[in-house]
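Under the working numbering, the sequence shown has 210 at position 209, and the numbering climbs by one with no breaks. Each residue gets a CB set at the ideal place from its N, CA and C atoms; glycine is no exception. Fair warning: this is a prediction, and the values are worked out from it, not measured in the lab. The next block holds one structure in the form of structure tokens; read it before the comments.
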Amino acid sequence: MLDKASASNKSTAPNKALGRPVDTAKSAIILDAARHEFFNIGFAQSSIESIAARAGVSKVTVYNRFKTKEALFAAAVGNECAVMRNALSVEATAGGSIRERLVHFGMEMVAFLWRDEMVRFERHLAVEVEHNPEIGLLFLDAGPRRLHQALSHLLDEAVEAGELQIDDTEQAAEHLSGMIKGLADLERRFGANISQAKIPDPKAKKRVNSAVDLFLKSYSKN
């Protein structure tokens, strides 16, 4: 005969498994719809209603999963930047010399930033930050700062492996990313040769290789 404690455990244990599992596929669909809206028409012009309609879900479903429009924006930006972070992970860049890995990083970075969708998004964002500075901070935290951390981590691994000699990898990461973007980043934002700034682009390859070579002259142990 079961004692009261055993009977209680037996009766309550199944209930733990009855909770509705999180539908990650539906969340991914919502995030993709949000990315399309935010990146193409901007934060201010997007709405939970339009995002829900694009995702094929109810407005309540979007709110249940992401609570606010701002939280959905941060999640969409973070999800988009995760694609690049994965491309910059130590596992993705493993194999080959430190130069080859840094060139890989540079080309991934250029390909990510030079997409037409990203160009439109940054232009919309620049206008909206004037009226809502918090949106700019959400973008910085969910996107650029995380990507900067990913590059810093890559450099940390290279230092530990004895490939580079760097006292401040966060500062070094800023040096490298700044050289990779260069004047071309301003040209991208202000419309110069956008139609030609596709990957692979000979000018981008030259700029990335030059930036990496100069970086290694400063931080290589040899």
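Give me the residue from the options with the minimum Cα distance to residue i.
{"i": "K182", "options": "G97, F113 and D169", "result": "F113"}
{"i": "S47", "options": "T69, A26 and K27", "result": "T69"}
{"i": "E131", "options": "F44, K204 and A34", "result": "F44"}
{"i": "A127", "options": "F40, K222 and I49", "result": "F40"}
{"i": "F191", "options": "R124, N133 and L141", "result": "R124"}
{"i": "T25", "options": "G79, E188 and R66", "result": "R66"}
{"i": "V120", "options": "Q166, I30 and R189", "result": "R189"}
{"i": "R116", "options": "S59, A29, E164 and M85", "result": "M85"}
{"i": "D202", "options": "I30, L177 and M110", "result": "M110"}
{"i": "L177", "options": "P134, V58 and L103", "result": "L103"}
{"i": "G1", "options": "I167, D169, A29 and Q166", "result": "The structure shown does not extend to residue 1, since the chain is modelled only from 2 through 223, so no value can be given for it."}
What distance in whole Å lies between the Cβ atoms of residue j and residue i, which are believed to be in contact at a cut-off of 8 Å?
{"i": "R36", "j": "A83", "result": "In fact, because the Cβ distance is near 12 Å, the residues do not count as touching under 8 Å."}
{"i": "V213", "j": "M108", "result": "10 Å between Cβ atoms; not a contact."}
{"i": "V63", "j": "A54", "result": "About 10 Å separates the two Cβ atoms, so there is no contact after all."}
{"i": "A159", "j": "I99", "result": "5 Å"}
{"i": "A143", "j": "A75", "result": "5 Å"}
{"i": "A56", "j": "A72", "result": "Not really, about 16 Å apart at Cβ, beyond 8 Å."}
Which partner residues of residue i appear in the DSSP bridge assignment?
{"i": "L152", "result": "DSSP output for L152 lists no bridge partner at all."}
{"i": "S221", "result": "L165"}
Would you tell me roughly how many angstroms separate the C-alpha atoms of residue i and residue j, rounded to the nearest one?
{"i": "K222", "j": "K27", "result": "49 Å"}
{"i": "A162", "j": "L156", "result": "10 Å"}
{"i": "I32", "j": "N87", "result": "The sequence shown places Leu at residue 32, not Ile. About 18 Å."}
{"i": "S51", "j": "L141", "result": "25 Å"}
{"i": "K207", "j": "H154", "result": "25 Å"}
{"i": "H149", "j": "E175", "result": "7 Å"}
{"i": "K5", "j": "E171", "result": "Low local confidence applies: a pLDDT of 42 at K5 is under 50, so the model's placement there is unreliable, and no value is given."}
{"i": "F106", "j": "I42", "result": "29 Å"}
{"i": "N133", "j": "D169", "result": "33 Å"}
Please classify residue i as buried or exposed, where buried requires at least 16 other C-beta atoms within 10 Å of its C-beta.
{"i": "L215", "result": "exposed"}
{"i": "E101", "result": "exposed"}
{"i": "K218", "result": "exposed"}
{"i": "A151", "result": "buried"}
{"i": "R146", "result": "exposed"}
{"i": "A205", "result": "buried"}
{"i": "V61", "result": "exposed"}
{"i": "E81", "result": "buried"}
{"i": "G179", "result": "exposed"}
{"i": "L138", "result": "exposed"}
{"i": "L187", "result": "exposed"}
{"i": "E164", "result": "buried"}
Could one say the Cβ of residue i lies closer than 9 Å to chain E's Cβ atoms, at least one of them?
{"i": "E158", "result": "The structure shown contains no chain E; it holds only a single protein chain."}
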